[in-house]
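Undergrad: Below is the structure I would like to discuss, written out as structure tokens.
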Amino acid sequence: MALKVTQAEQDGWAIVCVSGEMDLVTSPAVRQHVHDAVAEGRRDIVLDLADVQFCDSSGVGVLIAARRLMRSCAGRLRLILPADGGLEGSHVNRVLSALGVRRLFEVFPDLAAATDDAARPLSA
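Here the sequence shown stands for residues 53 to 176, numbered as in my numbering.
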């Protein structure tokens, strides 16, 4: 399955929706969307990964690089990962947990929670 990346805005947040597979070939597109949003002056970004079926180490590298970029510009990065099944529910959650890096990210179950400043992230 190919990667599809779209961008929108909600409540002041840049929403980058990703679906398909994040691998060595496709994950640079996600990186580019995050960089484009920052170049446009966006400092609050949500990566919606609910429809990502596969993520390898290069995809994880893009997520970590996005986190580093957002921290360097005093921005915020939030991830949306499916709540069904808890931490084990999505492939991306399992990969991030297995690599021991999930705790680095603010993870939310859906777009409403991710764009709500009062919402608390899911525990790692």
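Ideal Cβ placement from N, Cα and C applies to all residues, glycine included.
Tell me the DSSP secondary structure of valine 147 in three-state form.
TA: Residue state, collapsed to three classes: helix.
Undergrad: Hey, how far is the Cα of leucine 129 from the Cα of valine 77?
TA: Whole-angstrom Cα-Cα distance: 23 Å.
Undergrad: Is the beta carbon of isoleucine 97 closer than 8 Å to that of methionine 122?
TA: Yes, the Cβ-Cβ distance between methionine 122 and isoleucine 97 is below 8 Å.
Undergrad: From phenylalanine 157 to alanine 54, what does the alpha carbon distance come to, in whole angstroms?
TA: If I take the Cα positions, the gap works out to 25 Å.
Undergrad: Assign alanine 165 to one of three DSSP states: helix, strand, or coil.
TA: The answer is helix: DSSP assigns alanine 165 an H, G or I state.
Undergrad: How about leucine 101 and leucine 133: do their beta carbons lie closer than 8 Å?
TA: Closer than 8 Å, so yes.
Undergrad: With a CB to CB cut of under 7 Å and the five nearest residues on each side skipped, what residues in its chain are close to valine 125?
TA: Reading the sequence as shown, one finds cysteine at residue 125 and not valine. Here the set comprises Val90 and Arg95.
Undergrad: By DSSP, does leucine 174 sit in helix, in strand, or in coil?
TA: Here leucine 174 sits in coil by DSSP.
Undergrad: Which residue or residues does DSSP assign as beta-bridge partners of valine 98?
TA: In the DSSP output, where bridge partners are listed per residue, valine 98 has Ile67 and Arg130.
Undergrad: Could you give the distance in angstroms between the alpha-carbon of phenylalanine 160 and the alpha-carbon of arginine 119?
TA: One C-alpha to the other measures close to 15 Å.
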